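So the sequence shown is residues 1 to 372, counted in full-length UniProt numbering.
The beta carbon of each residue, even a glycine, is placed where N, CA and C say it ideally should be.
None of these values were measured; they are calculated from a predicted model.
Report on one structure; see the data block that follows.
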Amino acid sequence: MQTKIVDKAYSFRITPNKKQEELINKNIGCVRFVFNHFLAQSKDDKYLSYSKFATQLPKLKKEYNWLREVDSISLQQSLKDLDKAFKRFFKGLGGFPKFKSKKNNKQSYRTQYFKRSSGTESIEIKDNKIKLPKLGWVKFRKSREVTGKIQNVTIRKSKANKYYISVCVQEEVEELPQTDKAIGIDLGLKDFLITSNGEVVSNPRTLSKYENKIARLNKRLAKKEENSNNWYKVKNKLARVHEKVANIRKDFLHKLSTKLIRENQTIVVESLKVKNMLKNSRLAKSISDVSWSKFVDYLSYKAEWYGKELIKIDTFFPSSQLCSECGYQKKEVKDLSVREWECPKCHSIHDRDINASKNILQQGLQLQLASR
Ligand SMILES: [Zn+2]
């Protein structure tokens with residue numbers, strides 16, 4: 001079995017104590033300050049590279065003593081981020097770097113793993129605690145074992161004022177056993193997905209409950225006076241429910257993508273799924289669109305890790321309208337209300353979504369054959 005080294009990220013919620021919480025908040029502020037400080041000194045024609053920035057950092061720390069209270073590696077990381085933003089700009093890949101604000105940017109900072117000559121490590125995990133520079137040991141909710149070599153950790157404060165870490169590791173993974181199974185997947189309207197084997201995978205049941213809650217809270221928020229105490233209370237509650245939904249979704253997408261990759265050698269999906277979801281609210285539509293692209297993302301890197309193949313087919317392929325038995329195209333099936341239809345040519349009776357996923361599979365296998 002072949003093995004390879006891959007980058008993996010593990011996310012956990014951490015539960016810092018009051019003091020640690022204050023320090024995290026301070027650190028996030030300092031990282032933003034350093035970024036903005038050096039950005040303010042840069043202009044189109046005058047840009048300092050990371051090494052120049054870094055040599056000026058000690059001077060800045062002397063000027064602003066409070067910068068010394070936080071993780072010094074994270075300040076350097078912030079300069080690397082600024083350097084990267086400039087490089088993107090000069091390559092024409094992005095706009096001129098923007099100042100970071102508390103309101104518009106992620107509340108986070110990143111720190112790097114290193115080992116001192118004395119042998120102590122900057123980041124360590126022991127049981128359900130993680131050691132981070134300046135913070136010391138912080139408790140976290142360990143939902144799975146972290147394997148591999150730690151590279152860096154991002155500490156993030158969410159909109160609901162909860163704290164999370166994302167631990168990036170380099171890990172050796174072993175390819176999964178090869179099978180001869182192939183599967184086509186269609187994104188459902190009512191359900192999350194339908195496979196060419198006729199399997200229907202529903203959205204996690206808890207989700208609709210939370211989505212109703214979000215709708216109710218949004219209504220309540222609209223009735224409150226903006227920026228009043230009660231308005232903030234409802235807004236915070238809303239952020240918490242949103243986070244819960246995001247976490248449930250992520251977990252669901254991870255488990256499902258791993259299962260599909262494990263069971264199949266070839267997986268075929270449509271590359272960009274923009275379905276006209278007339279019956280769904282805008283919220284539900286945006287959630288399912290985001291989920292789909294995330295799901296395809298997960299499938300893509302897991303296929304790469306485990307020696308499987310993901311084939312993406314063109315969105316313009318009329319997967320719903322073709323008869324998967326004889327290839328006849330029935331344009332009327334375009335209408336989303338058509339759930340079941342009969343092929344006028346070969347008289348097969350089709351379930352709309354299962355037929356579509358069978359077509360997706362066939363199209364994908366043709367592409368696979370053509371590329372060999
Ligand atoms: Zn037919």
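Check the Cα spacing between Trp66 and each of Gln265, Gly94 and Asn25: the tightest is with Asn25.
With fewer than 16 other Cβ atoms inside 10 Å of its own Cβ, Gln366 counts as exposed. Shown here for Phe140: same chain residues with a beta carbon closer than 8 angstroms to its own, the five before and five after excluded, namely Phe12, Arg13, Ile14, Thr15, Asn128, Lys129, Ile130 and Ile165 in chain order.
Within the DSSP bridge table, the entry for Trp137 names Lys131 as partners. Distances taken from the Cβ of Glu340 to the heavy atoms of ligand 1 include none shorter than 8 angstroms. In the structure shown, the three-state DSSP call for Glu325 is coil. Annotation: the continuous alpha helix (DSSP H) that includes Asp81 extends over Ser72 to Phe90. Residue burial is scored here from C-beta neighbours: Leu253 has at least 16 other C-beta atoms within 10 angstroms and is therefore classed as buried.
Of the other Cβ atoms in all chains shown, 16 or more fall within 10 Å of the Cβ of Lys308; this residue is therefore buried. Between ligand 1 and the CB of Ser158, the shortest heavy atom gap is not smaller than 8 angstroms. Bridge partners of Val201 according to DSSP: Leu193. If you check the CB distance, Asn264 and Ser320 do not come in under 9 angstroms. Going by beta carbons, Asp81 and Ser49 fall outside the 9 angstroms limit.
With fewer than 16 other beta carbons inside 10 angstroms of its own, His347 counts as exposed.
For ligand 1, no non-hydrogen atom lies closer than 8 angstroms to the CB of Lys334. Within the chosen limit of 8 angstroms, ligand 1 does not reach the beta carbon of Lys358 with any heavy atom.
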